[in-house]
Amino acid sequence: MSAAYPDTFPGQTYGVQPLSEQDPNSPDMFRDNIRLVQSHIENVRSLARDALDGIERAYQPNTSPSQTAANLANLKLGLQNLSDVLRTTGVGALPLVEMGTMQGPPEEQLVQQTTEAIKTLFTQHTRNQENAVVAVNLLTASEPLSRR
21 MSAAYPDTFP GQTYGVQPLS EQDPNSPDMF RDNIRLVQSH IENVRSLARD ALDGIERAYQ
81 PNTSPSQTAA NLANLKLGLQ NLSDVLRTTG VGALPLVEMG TMQGPPEEQL VQQTTEAIKT
141 LFTQHTRNQE NAVVAVNLLT ASEPLSRR
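In the numbering used here, the protein residues as written are 21 to 168.
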């Protein structure tokens with residue numbers, strides 16, 4: 021299940037190993053996969069800088085359009101490799117967090133939001149049960165006095 025990307029990282033393989041060797045859901049495997057993704061991201065950043073540099077210097081002498089095209093092709097390949105790694109390792113399913121906000125909301129706020137959501141759901145459930153009781157009572161109520 022492991023795949024190598026010799027063009028990008030010679031000899032490097034995904035952190036995914038057969039189940040007999042290591043549990044794919046273990047914290048160690050997750051940590052290894054995060055490191056692998058980080059190395060791919062650094063590679064893509066470097067390729068993007070090279071491509072951007074070639075684009076910015078496109079009209080200067082000594083700038084090779086074929087080298088810029090090769091840099092763009094390498095960047096596309098690097099992005100595809102990163103996408104594959106994210107998909108294969110499962111790291112790509114994680115939520116994105118803004119760079120400045122490494123911490124989530126405070127615990128008190130999370131508790132308050134959860135409590136409010138539970139109260140709302142409980143109230144809605146209770147109301148549904150009461151409405152169901154009324155509907156059953158109306159359906160099973162004895163008929164009015166027979167007509168004469």
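Backbone N, C-alpha and C fix where the C-beta goes; we use that ideal spot for every residue, glycine too.
Beta-carbon to beta-carbon, Leu92 and Ala78 are separated by about 12 Å, too far to satisfy the 8 Å threshold. By the Cβ criterion, the stretch 58-73 is in contact with the stretch 84-104, since at least three pairs of Cβ atoms, one from each stretch, lie closer than 8 Å. Using a Cβ distance threshold of 8 Å, Val57 and Val111 count as a contacting pair. In the DSSP assignment, Asp52 falls within the unbroken alpha helix (DSSP H) covering Pro47 to Glu76. In this structure, DSSP gives Gly98 a helical state, which the three-state scheme calls helix. For the pair Ala113 and Pro125, the Cα-to-Cα distance works out to about 21 Å.
Distance check between His60 and each of Asp73, Val105, Phe50 and Glu150 places Val105 closest, using alpha-carbon atoms only. Counting the other Cβ atoms within 10 Å of the Cβ of Leu159 gives fewer than 16, which makes it exposed. A straight-line Cα-Cα distance of about 8 Å links Met49 and Gln42.
The straight-line gap separating the alpha-carbon atoms of Pro47 and Arg69 is approximately 33 Å. Our two residues, Asn151 and Ile138, have alpha carbons roughly 20 Å apart in a direct line. Inclusion of Thr109 and Asn45 in the CB contact set at 8 Å is not warranted, their separation being larger than that value.
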